[in-house]
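Note that my numbering has the sequence shown beginning at 374, numbered continuously upward.
First comes the structure, then the notes that go with it.
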Amino acid sequence: MTKSDHVDEEPTHARYEFRVWGRNKKARKLLAEMADSSTTETIEDCYFLTDEAGVNVKVRNRILKIKELVEHEQGFERWASSRYRSVDVAPAPFDELFEQLRDARERYGKSFDLAKAVAQLDKDADGRVVLVTKERRRYRIGSMRAEATDVTIEHTGRVLHALAIEGDDLGDLVQLRKKLGLKGSSNVALHVAIEADL
Numbered sequence: 374m375t376k377s378d379h380v381d382e383e384p385t386h387a388r389y390e391f392r393v394w395g396r397n398k399k400a401r402k403l404l405a406e407m408a409d410s411s412t413t414e415t416i417e418d419c420y421f422l423t424d425e426a427g428v429n430v431k432v433r434n435r436i437l438k439i440k441e442l443v444e445h446e447q448g449f450e451r452w453a454s455s456r457y458r459s460v461d462v463a464p465a466p467f468d469e470l471f472e473q474l475r476d477a478r479e480r481y482g483k484s485f486d487l488a489k490a491v492a493q494l495d496k497d498a499d500g501r502v503v504l505v506t507k508e509r510r511r512y513r514i515g516s517m518r519a520e521a522t523d524v525t526i527e528h529t530g531r532v533l534h535a536l537a538i539e540g541d542d543l544g545d546l547v548q549l550r551k552k553l554g555l556k557g558s559s560n561v562a563l564h565v566a567i568e569a570d571l
């Protein structure tokens with residue numbers, strides 16, 4: 374079965390995103406006050422960094438997620454996202470990374486450790502593999518989503534602080550950005566910030 378014959382990915386969805394870096398304490402406090410709901414989570418992600426800034430690739434748990442930059446508008450970036458659960462349908466060269474991590478997970482079972490699996494990845498891969506841990510607080514504000522995230526980069530031990538807003542309605546997002554005092558700030562995607570810090 375060829376990759377094009379095998380349907381095993383979720384439908385692509387494009388969403389506007391605006392992500393700033395730094396503590397942004399005032400904006401974080403405002404988000405918490407404005408939110409309809411919030412949740413907290415700790416996540417381990419494995420990023421696959423390439424020379425192409427318009428492609429964001431990560432592996433989380435058993436899923437390969439690839440986001441591609443579609444357009445820029447009013448300072449926002451619109452990313453189309455696809456998720457792959459099977460190596461058979463994952464696009465090259467990311468399929469090799471995905472397969473190596475899957476094999477390690479199956480080999481070690483419950484004792485699987487993502488950091489150890491990343492350390493054992495093929496060093497000749499067509500990109501750089503970076504493990505990060507995210508301490509994230511997610512917010513819902515109407516139809517929009519926001520998050521305040523502290524990102525620890527395994528390779529350097531440094532902690533980066535991000536604040537992001539995202540959604541489908543650009544007009545609502547522009548208004549939220551203004552309320553948070555973020556108008557004029559640079560919008561930098563997470564994988565770009567990670568690579569710049571290495």
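C-beta atoms are modelled at their ideal positions from N, C-alpha and C, and glycine is treated no differently.
Inset, instruction - Measure the alpha-carbon distance for residue 482 versus residue 411 and round it to whole angstroms. - result: 32 angstroms
Inset, instruction - Determine the burial state of residue 380: buried for a count of at least 16 other Cβ atoms within 10 Å of its Cβ, exposed for fewer. - result: With a pLDDT of only 39 at residue 380, under the threshold of 50, the placement of this residue in the model should not be trusted; the figure read from the coordinates follows. Exposed, because fewer than 16 other Cβ atoms sit within 10 Å of the Cβ of residue 380.
Legend entry - Residues that DSSP places opposite residue 391 in a beta bridge: 538
Inset, instruction - Classify residue 459 as helix, strand or coil using the three-state DSSP reduction. - result: Residue 459 carries a coil assignment under DSSP once its states are collapsed to helix, strand and coil.
Inset, instruction - Alpha carbon to alpha carbon, how far is residue 421 from residue 586? Give it in angstroms, no decimals. - result: The structure shown does not extend to residue 586, since the chain is modelled only from 374 to 571, so the question has no answer here.
Inset, instruction - Could you say which of 544, 531, 549 lies nearest to residue 538 if we only look at CA atoms? - result: The candidate whose alpha carbon is nearest that of residue 538 is 549.
Inset, instruction - Go through the segment 414–475 residue by residue and report every complete run of the beta strand (DSSP E) that reaches 3 residues or more, in order. - result: As summarised for the segment 414–475, the continuous beta strand (DSSP E) elements at least 3 residues long and confined to that stretch are 428–433, 436–446, 449–457, given in chain order.
Inset, instruction - Would you mind reading off the limits of the alpha helix (DSSP H) that contains residue 401? - result: First-last of the alpha helix (DSSP H) with residue 401: 398–407.
Inset, instruction - Can you tell me which of the three DSSP states residue 550 falls into? - result: helix
Inset, instruction - Give me the Cα-Cα distance between residue 560 and residue 500, rounded to the nearest whole angstrom. - result: Between residue 560 and residue 500, the alpha-carbon positions lie close to 23 angstroms from each other.
Inset, instruction - Pull up the CB-CB distance for residue 494 and residue 432, whole angstroms please, since I reckon it's below 8 angstroms. - result: Not a contact, Cβ separation roughly 10 angstroms.
Inset, instruction - Might you give, ordered along the chain, the residues of its own chain that have their beta carbon closer than 8 angstroms to the beta carbon of residue 475, omitting 5 neighbours on each side? - result: Result list for residue 475: 435, 460, in chain order.
Inset, instruction - Would you grab the beta carbon distance between residue 521 and residue 392 for me? Rounded to a whole angstrom, and I think it's under 8 angstroms. - result: Contact flag wrong, Cβ pair sits at about 11 angstroms.
Inset, instruction - Ignore the nearest five residues each way along the sequence and tell me which others in residue 527's own chain have a CB closer than 8 angstroms to its CB. - result: Closer than 8 angstroms at the Cβ level, and outside the excluded window around residue 527, lie 488, 491, 503, 504, 505, 506.
Inset, instruction - Classify residue 507 as helix, strand or coil using the three-state DSSP reduction. - result: strand
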